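Notes follow the structure.
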Amino acid sequence: MLRIGELARLASVNQRTIDYYTSLGLIEPTKRTDTNYRLYHMETIERLQRIIQMKQEKYTLDEIKEYFSQLQQVSIDEQLVKRLTDLQVHLQQVEREAKELQPILDKLKPTQAKSLFQRIAPQSAACIDVLIALADKQHML
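Going by my numbering, the sequence shown opens with residue 246, and the numbers climb by one from there.
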């Protein structure tokens, strides 16, 4: 973690520039110390270098902020796609396991089956609700 002076020195910028970029939301401190000093990740140096490069390419600070905002959105979209893909794989596994269990379930007595389904019903209902909500959202897209 870097304090503002260290960050300014390593990124070859003025501390006031870091203050200004922080106030605009172009960079963000990771956390603050007990004495309220801002601490930044090492990755902030790369971000500052990218800001400087984009300024040299005549981008405005608003355009640079929008650029970083879009990068963050792509990251969020990628995370969502990965989690939905993982969920789909898991659901396929659950479907296979359910098919494997079907012959065993068919051999249960009615009272045994009823008791079993009563114990798993709340979790199953919650899963079904989530799947329906996801399916509805997919149809809306």
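For every residue, glycine included, the Cβ atom is placed at its ideal position computed from N, Cα and C.
Just so it is clear, the structure is predicted and the values come from calculations on it, not from any experiment.
- With a cutoff of 7 Å on beta-carbon distance, isoleucine 272 and tyrosine 266 are scored as near each other.
- Here leucine 316 is not near isoleucine 290, since their CB atoms are 7 Å or more apart.
- Alanine 378 counts as exposed, since fewer than 16 other C-beta atoms from the protein chains shown sit within 10 angstroms of its C-beta.
- Within 10 angstroms of the beta-carbon of tyrosine 282 lie fewer than 16 other beta-carbons, which makes it exposed.
- Secondary structure note for leucine 353: it is in no beta strand (DSSP E), with a DSSP letter that is neither H nor E.
- Counting other Cβ atoms within 10 Å of its Cβ, alanine 371 stays below 16 and is therefore classed as exposed.
- Beta-bridge pairing by DSSP links tyrosine 285 to Leu247.
- In the DSSP assignment, lysine 276 forms a beta bridge with Leu284.
- CA-CA distance, serine 369 to glutamate 342, rounds to 14 Å.
- A check of alpha carbon separations from methionine 287 across Leu336, Ser360, Gly250 and Ile349 identifies Gly250 as the nearest.
- In this structure, isoleucine 296 places its C-beta atom within 7 Å of the C-beta atom of isoleucine 309.
- In the DSSP annotation of this structure, the continuous segment of the alpha helix (DSSP H) that includes serine 268 starts and ends at 260-269.
- The three-state reading of DSSP puts threonine 305 in coil, since its state is none of H, G, I, E or B.
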